[in-house]
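J.: Here it is, the structure in full.
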Amino acid sequence: MSPPLGAMGYFCATRNNDIFFFGGYCGHEICFHNDVNSFNSLKYEWSNIIPTSDAVMKRSNGGMVCMESMGTEYLIMTGGIGSIPTTYQSQYQYIQMVNGRILTNEQNLLNLSTRQWIIPTISGQCCFPTAEFAIQKITNDKAVMFGGAVPSDDGRSLLVNTVYTCQLESDTTIHWESVKGPVVPASVQWPVERRKHAITSIIGDSPTLVMIGGEGNDGLVNDSWLLNTSQYQWSKIVLPESVTGRVDHSLSSIMMSPDCIWLVVVGGTGATEWKDVGRGYKQPFSKRITDPYITMLIELVLREGEWRVSEVLDSTGLTTEAYQHKYQLLLKNRQWWQDQFIVYPTDREIKLQNYVESLQQELRVSEGNKSSLQEALLEASQQEKTSRTSERN
Ligand SMILES: [Zn+2]
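1 is the number of the first residue of the sequence shown in full-length UniProt numbering; add one for each residue after it.
In structure tokens:
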């Protein structure tokens with residue numbers, strides 16, 4: 001199929017070689033979408049997973065993750081802002097903002113095998129209606145959400161710095177928990193309220209999340225954080241403003257070796273500015289990030305149990321010969337690490353395998369013996385018959 005409409009603020013998640021897109025805002029009036037499309041990054045092909053329907057709220061700027069329950073994979077859409085829904089689900093909240101748009105905490109499950117919508121049951125402490133937050137999967141059935149904009153009492157946006165976890169408990173239930181912030185704020189590091197930030201994960205026994213950028217109450221937050229997901233402890237990492245000074249960007253991580261991660265930051269815009277459009281009216285606008293800072297690469301290395309920044313490259317740095325050489329070397333190194341994931345059998349497993357083989361051999365022998373025994377019996381009975389017949393004669 002031809003590519004779908006390139007709506008803004010779509011929800012996005014990946015699974016193997018597929019990238020899934022849900023909803024978005026098309027740019028005119030209050031026009032939001034709720035169809036799901038996927039792009040296969042190997043075949044470069046688009047597919048429509050599910051067309052637009054009245055089952056789920058049309059919206060943008062929420063979050064989506066792909067999770068698994070009992071061997072089936074689901075896309076989970078959560079939160080966002082959109083047009084007045086056709087169907088109100090009683091377990092969720094829909095709050096109208098001053099600009100007429102609806103902020104929600106509606107959640108939808110899409111079964112990727114049957115391609116059917118499921119409206120899940122929610123347990124625990126669910127998040128408020130939120131948009132422009134970041135959500136990142138940390139295990140097959142669990143994700144972490146941070147920040148975003150919630151409605152204030154007067155229908156405007158209020159930025160938050162809350163952490164929630166959500167877990168797919170069954171094919172119809174999502175369990176939410178609020179992770180408590182610092183009890184003594186001064187003694188614990190905790191990021192300020194923000195929206196339009198980006199989060200990715202560094203895979204480990206309990207993954208570490210990396211958060212970069214976003215916009216706070218006083219403009220760009222200009223910082224980066226790590227979140228340990230076993231203790232839910234934040235720690236700051238220092239990166240240049242050319243990396244952190246952006247909103248609405250993407251952030252991915254690539255494991256080069258168990259102690260070396262490459263983070264890739266792409267695109268986004270700078271701070272929101274106000275343009276005078278005459279007659280005392282001002283309109284918000286923001287400048288897109290331009291080269292050489294559109295694509296940035298950050299190398300993190302693990303030293304004494306802590307992730308540290310070892311190198312930051314912009315597109316000028318990425319095209320140097322020294323970097324190309326390093327990239328080739330790291331790719332070889334990465335292949336070597338991937339080869340280590342092939343599991344070789346242990347001594348005990350080899351012994352067991354030999355034992356199973358000897359049992360199978362014995363079985364074949366005894367089966368052979370059994371058939372020769374049957375043949376012998378048959379022969380004996382025939383001989384008996386023959387001898388009886390000859391006796392009678
Ligand atoms: Zn439209």
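Quick reminder that beta carbons are idealized off the backbone N, C-alpha and C, glycines included. This one's a predicted model, so the numbers in the text were calculated from it and none came from an experiment.
Give a yes or no on whether the C-beta atoms belonging to I50 and V65 are separated by under 7 Å.
T.: no
J.: Are the Cβ atoms of N222 and E193 separated by less than 7 Å?
T.: no
J.: Under DSSP, the alpha helix (DSSP H) around G100 begins and ends at which residues?
T.: No alpha helix (DSSP H) contains G100, which DSSP labels as neither H nor E.
J.: Under 8 Å Cβ to Cβ from V163, same chain only, skipping five residues before and after it: list those, please.
T.: Closer than 8 Å at the Cβ level, and outside the excluded window around V163, lie V144, M145, F146, S178, V179, G181, L227, Y232.
J.: With a threshold of 8 Å, are at least 3 pairs of Cβ atoms found where one atom belongs to the region 300-309 and the other to the region 321-329?
T.: no
J.: Please name the residue or residues paired with M70 in a DSSP beta bridge.
T.: Answer is none; M70 lacks a bridge partner.
J.: I need the straight-line Cα distance from I212 to L352, nearest angstrom please.
T.: 50 Å
J.: Near P120, which residues of its chain fall below 7 Å by C-beta distance, leaving aside the five closest residues on each side in sequence?
T.: Excluding its 5 nearest sequence neighbours in each direction, P120 has C-beta neighbours in its own chain below 7 Å: Q107, L109, T172, T173, I174, listed in chain order.
J.: Go through the residues and name those whose CB comes closer than 6 Å to any heavy atom of ligand 1, in chain order.
T.: C26, H28, C31
J.: Assign V210 to one of two classes, buried (16 or more other C-beta atoms within 10 Å of its C-beta) or exposed (fewer than that).
T.: buried
J.: Starting from G24 and walking both ways along the beta strand (DSSP E), at which residues does that stretch end?
T.: 18-25
J.: Sorted by chain position, which residues of the same chain lie with C-beta nearer than 7 Å to M256's C-beta, five sequence neighbours on each side aside?
T.: W262, L330, N333, R334
J.: Relative to the alpha-carbon of C126, which residue among L5, I118, L168, R156 has its alpha-carbon at the smallest distance?
T.: L168
J.: Check A7 in the structure and name its three-state DSSP category.
T.: coil
J.: Flag this pair as yes or no: are the beta carbons of R195 and G148 separated by less than 7 Å?
T.: yes
J.: Tell me whether A376 is buried or exposed, calling it buried when 16 or more other Cβ atoms sit within 10 Å of its Cβ.
T.: A376 comes out exposed.
J.: Going by DSSP in three states, V192 sits in which element: helix, strand or coil?
T.: coil
J.: Determine, using beta carbons only, whether G27 and R59 come nearer to each other than 7 Å.
T.: no
J.: For L263, which three-state DSSP category applies?
T.: Strand at L263.
J.: Locate the alpha helix (DSSP H) running through G270, then write down its first and last residues.
T.: Careful: G270 lies outside any alpha helix (DSSP H), inside the beta strand (DSSP E) at 269-278.
J.: Mind reading off the beta-carbon distance from P258 to W337? Whole number of angstroms is fine, and I expect it under 8 Å.
T.: 7 Å
J.: With distances taken from CA atoms, which of G63, F39, S230, G124 is nearest Y10?
T.: G63
J.: Could you pull out every residue in the same chain whose Cβ sits closer than 6 Å to the Cβ of L112, ignoring the five residues on either side in sequence?
T.: E73
J.: So what does R15 bridge to, in DSSP terms?
T.: D18
J.: By the three-class DSSP mapping on this structure, what secondary structure does E45 have?
T.: Looking at E45 - three-state DSSP - the assignment turns out to be strand.
J.: Look at the alpha carbon of W225 and the alpha carbon of I237, and state the distance between them as a whole number of angstroms.
T.: 6 Å
J.: Please report how far the alpha carbon of V266 lies from the alpha carbon of T244, in whole angstroms.
T.: 11 Å
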